[in-house]
Each structure stands twice: as structure tokens, then as C-alpha cells.
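Per this note's numbering, residue 2 is the first one in the sequence shown, and the count goes up by one each step. Worksheet: one structure, shown below.
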Amino acid sequence: MKRAMTGCVVLLLAAGCEQDESKPNYEYTPDMVSSVPYDSFAPNPNTKDGKTLLSPAKGTVPRGYKPLHLTAGTEEAARAGRELTNPYAASPEVLARGHVAFTRYCSPCHGTGGLGDGLVTARFPIPPSLLGDHAKGLPDGQIFHIITYGQGLMPAHGSQVLPEDRWKIVHFVRSMQNPPQTAVKEKP
Ligand code: HEC
């Protein structure tokens, strides 16, 4: 009996060690390998649209998502400047997050300091400085719109950067434009 068991174990081990990689190995518990339910992306004869994963109902939005009532374009960018205000206060946490997001999403083109000297400018048109008078004059909402929908040669970032991060980036850009004044000691 003992011998027969050892033989079985050896056989099983050997079956699991098939060397020919071009062929599937022996399946000794096939039920565990072939899934009984439909796979998420497999066609499905039981659903209306023939897909296993049903499409969300029309107009579905993710939790916490606030739809934006604006579309792309310069007119809409100007409207964003008039109608949107930054919902966050410029706390140290907000600025820190804005800094991280700016470094990730904007610095490759705009440079870590916003001067327009990012790494890709060796092969990509140099963007205007974010510390220049024009950028300084842009209202917060318009910068939010530029990040969301892009502008001219700048691609849209609405699908990459969360709305809350866009607003935090706006605060960070403002902090670069107006660095806090440190008290200068008067000479004795
Ligand atoms: C792929 C490179 C690229 C990336 C990434 C990028 N930008 Fe830009 N950005 C540009 C270019 C180029 C322009 C000039 C667009 C134009 O008007 O043709 C521009 C313009 C702008 C302007 C308008 C400046 C002005 O004075 O008119 C703002 C504000 C701005 N970008 C902010 C950002 C922020 C914030 C991010 C990160 C979320 C970002 N950009 C990411 C390339 C980029």
C-alpha cells in the first residue's frame, strides 16, 4: 500500500514536470483550471448586448465625481475663469500635494520651477513661462480649464489628473508666481 502511494506521488510529480513547453501540462484537476462562470470580457449569449460585463446605465458617474458644465475651447476657458473658483484653501498640505502633482504631470514640459525648461523641450515646443505676466494674469478657473482641456499645443490632462489635484496644482503655480516673502534683516 505504502509503495503504491509513493508510486502515485512520484507519478503526479512527474506529470507536473512535463518538459515540453510547447504543450500544455497534464491537468489532473481540470475543474480548477477551466472556470465555470463566464469570464468578464467573454461574449455572453444571456445578456442584451452579448457582453458579460454590462455597461453602466447612461449618465453613470463615479462616486464623488462632479461633472463640469464647460467644454473645450478658448471661449469656454475664459468662462471657466469667470465662473470657477478654487474650492481649496492654500494650506501647506494642499501646496505639498500640488507640488507633487505638478512635478509629475507638468514639469516634463514646464520645468520643475515653471520656467518652461522641462526635459522634453529638447524636442517639443517650449511652453511659455508660468511665472510670466500672462500666466500670472490668468484667473484660477482658466488655469483649471487649461489643465482639463489643454490649450493650443498643450494636450488635455483631464483624464490623467484628478479635479482636486488640478485645483491643488493651481495653488502651487500661484505659490511659484508669488513666493512668500521672507523677512530680510536690516543691516545694523
Ligand atoms: C506636453 C507638454 C506640456 C505639459 C505636460 C503641460 N503643458 Fe502646459 N503648456 C504647454 C504648451 C506648449 C503651452 C502653450 C500652449 C499654447 O498656447 O500653444 C502650455 C500652456 C500652459 C498654460 C498657459 C500659459 C499662458 O501664459 O498662456 C498654463 C497655465 C499651463 N500650460 C499649465 C500647465 C499645467 C498646470 C500642467 C500640468 C498639469 C501643464 N501645463 C502640462 C505644454 C505642456
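Heads up, the beta-carbon is just placed ideally off N, CA and C, and yes, glycines get one too. Nothing here was measured: the structure is a model prediction, and the numbers come from that model.
A97: first and last residue of the uninterrupted alpha helix (DSSP H) it sits in: Residues 93-106.
beta-carbon P126 near ligand 1 non-hydrogen atom, thresh 7 Å: Yes, Cβ of P126 sits closer than 7 Å to a heavy atom of ligand 1.
Per-residue burial, L55 [other beta carbons within 10 Å of its own, 16 or more giving buried]: Under this definition L55 is an exposed residue.
Coarse secondary structure for P57, derived from DSSP in three states: Reduced to three states, the DSSP call for P57 is coil.
Collapsed DSSP secondary structure at K24 in the structure displayed: Correct three-state label for K24: coil.
Simplified DSSP assignment, three categories, for Q161: Three-state DSSP puts Q161 in coil, outside helix and strand.
Beta-carbon proximity check, Y89 vs H158, cutoff 8 Å: In terms of Cβ geometry, Y89 and H158 do not form a close pair [threshold 8 Å].
Check: A136 C-beta below 7 Å from any heavy atom of ligand 1: Yes, the beta carbon of A136 sits closer than 7 Å to at least one heavy atom of ligand 1.
P156 beta carbon near ligand 1 (any heavy atom closer than 7 Å): When distances are taken from the beta-carbon of P156 to the heavy atoms of ligand 1, the shortest one is below 7 Å.
Beta-carbon proximity check, G74 vs Q143, cutoff 8 Å: Not in contact: G74 and Q143 (Cβ atoms no closer than 8 Å).
For M155, the residue or residues it bridges with in DSSP: M155 is bridged by DSSP to Q152.
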